[in-house]
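Enquirer: Once you've had a glance at the structure underneath, I'll fire off some questions.
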């Protein structure tokens with residue numbers, strides 16, 4: 003066993019695990035307060051569901067011996083059958099298979115969680131749990147086999163996807179679009195204000211994602227070596243460039259540099275560099291980041307033009323960012339790898355995953371909708387799905403230390419003093435007429 007590499011992969015697995023709670027904060031701050039807890043739970047529950055499935059059959063489907071067609075593994079490792087703590091990857095020297103399996107488990111956990119942002123505010127929690135159970139089983143596990151297993155058909159085609167541009171981001175982004183088309187729009191879409199309730203929570207989530215993404219990307223080298231160092235550096239470079247690209251486009255298009263734009267731009271850069279960072283130099287990472295930031299900023303507006311309600315811009319950031327990173331590596335890869343041939347391979351990888359994931363995701367969403375119903379009732383959606391499905395609220399504003407207007411004692415007025423109009427709930431004097 004290579005001790006240094008093993009330690010590196012185990013630490014990277016822990017970093018990737020932290021990304022799922024980070025994603026929960028990122029998405030949770032972007033929704034209205036009445037569904038903040040539900041948004042947190044839609045990400046967090048993936049840690050439970052996918053972990054169990056991974057042990058039962060997920061690892062075997064993704065990384066078991068190929069059945070002969072390059073599409074999925076056999077079931078020879080159900081319950082990690084045949085794998086002991088001493089079993090190593092790489093023959094005579096490597097890391098324990100359990101370290102590799104744990105690292106890859108965290109990828110499987112976060113991928114369906116990425117989809118949750120597209121369906122915010124309006125789906126049953128039980129339906130969501132059933133959907134991701136089905137989705138990882140027949141979409142994620144096979145696609146991971148295509149891309150990362152030596153006998154997978156995209157691996158043999160030499161498609162470059164170092165850390166998940168196709169298997170994670172394109173897969174989740176297009177799957178989210180399919181589910182959105184089945185579930186439909188939120189009540190009040192394009193009519194009611196649906197602003198983020200906590201931008202500080204969004205920035206906190208972004209910071210956790212950025213931190214964890216070093217494990218996600220550099221850890222995919224599966225060794226503490228120069229490839230991991232190059233990937234870590236390019237992760238930082240592309241993310242910073244993408245943030246600036248998004249803000250520049252936003253300033254030109256909308257006249258402001260927004261906090262939400264900075265956070266979204268950073269995530270777009272992280273997404274785009276994921277498949278390509280180990281194959282490009284720092285200047286390539288800069289270009290990928292700037293392009294991803296600006297293009298993803300433009301892409302998120304398409305939902306209003308095309309009429310699909312992707313609540314938290316999963317399609318605009320993860321699908322579009324994943325496609326950008328996957329295709330640009332075909333042009334920017336160094337050491338003589340990049341060129342028209344590699345670009346063609348990258349296109350095959352990106353669009354084959356899109357076609358498969360969209361079709362199967364749509365069918366699974368339809369199945370859930372026709373059986374137990376995917377959509378929350380109108381009353382639950384309007385009243386708040388936190389209370390409807392979790393019997394909780396994100397913030398208790400009536401607890402100890404919270405003084406309400408009705409509980410505060412009325413001020414005493416000296417005798418003979420005329421009564422003055424007090425402020426209303428917005429702080430505006432009640433007897434004054436104000437402009438809208």
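Residue numbers (our numbering): 3 to 438.
Positions of the beta carbon are idealized from the N, C-alpha and C atoms, including for glycine.
Small disclaimer: the values here were computed from a predicted structure and weren't measured.
Going straight from the alpha carbon of residue 81 to that of residue 58, what length do you get?
Expert: Distance between the alpha carbons of residue 81 and residue 58 is about 5 Å.
Enquirer: Can we say the region 229–240 touches the region 26–45, given the rule of at least three CB pairs closer than 8 Å?
Expert: Segments in contact, no.
Enquirer: Taking residue 343 as part of the alpha helix (DSSP H), name the residues at either end of that continuous run.
Expert: 342–373 is the span of the alpha helix (DSSP H), which, as asked, contains residue 343.
Enquirer: Report the rounded CA-to-CA distance for residue 366 versus residue 120, giving the unit in angstroms.
Expert: Their backbone Cα atoms lie some 16 Å apart in a straight line.
Enquirer: Give the secondary structure of residue 35 by DSSP, where H, G and I count as helix, E and B as strand, and everything else as coil.
Expert: Here residue 35 sits in helix by DSSP.
Enquirer: Using the beta-carbon count (16 or more within 10 Å), is residue 252 buried or exposed?
Expert: By the 10 Å Cβ count, residue 252 comes out buried.
Enquirer: Fully enclosed by the region 85–157, which alpha helix (DSSP H) runs are 4 residues long or longer?
Expert: Complete alpha helix (DSSP H) runs here, min 4: 99–117, 127–137, 143–150.
Enquirer: Does the distance from the C-beta atom of residue 163 to that of residue 336 stay below 9 Å?
Expert: No, the pair does not count as a contact, with Cβ atoms beyond the cut-off.
Enquirer: Could you name each continuous alpha helix (DSSP H) segment of 4 residues or more that falls completely within the region 270–308, going from the start of the chain to the end?
Expert: Within the region 270–308, the complete alpha helix (DSSP H) runs of at least 4 residues are 284–301, 304–308.
Enquirer: Using a Cβ-Cβ cut-off of 8 Å (strictly less than) and excluding sequence neighbours within five positions of residue 293, which residues of its own chain qualify?
Expert: If we look at residue 293 and ignore the five residues flanking it on each side, its Cβ neighbours are 247, 274, 326, 330.
Enquirer: What separation, rounded to the nearest whole angstrom, lies between the Cα atoms of residue 289 and residue 277?
Expert: The alpha-carbon atoms of residue 289 and residue 277 are separated by roughly 14 Å.
Enquirer: If you check the beta carbons only, do residue 168 and residue 149 fall under 9 Å apart?
Expert: Yes, they are a contact pair.
Enquirer: Can you grab the Cα-Cα spacing for the pair residue 495 / residue 398, in whole Å?
Expert: This structure gives no information on residue 495, because the portion of the chain shown stretches from 3 to 438.
Enquirer: Whose CA, out of 49, 133, 333, 52, lies closest to the CA of residue 373?
Expert: Of the candidates 49, 133, 333, 52, the one whose C-alpha sits nearest the C-alpha of residue 373 is 133.
Enquirer: Taking just the CA atoms, how far does residue 178 sit from residue 114?
Expert: Taking the straight line joining both Cα atoms gives about 9 Å.
Enquirer: Would you tell me roughly how many angstroms separate the C-alpha atoms of residue 2 and residue 400, rounded to the nearest one?
Expert: Here the chain has residues from 3 to 438 only, and residue 2 is not among them.
Enquirer: What does the alpha-carbon distance come out to for the pair residue 380 and residue 302?
Expert: Going from the Cα of residue 380 to the Cα of residue 302 covers about 26 Å.
Enquirer: Between which residues of its own chain and residue 118 is the CB-CB distance below 6 Å, once the five residues before and five after are set aside?
Expert: Around residue 118: 44, 45.
Enquirer: What is the DSSP secondary structure of residue 324, counted as helix, strand or coil?
Expert: Of the three classes helix, strand and coil, the one that applies to residue 324 here is helix, per DSSP.
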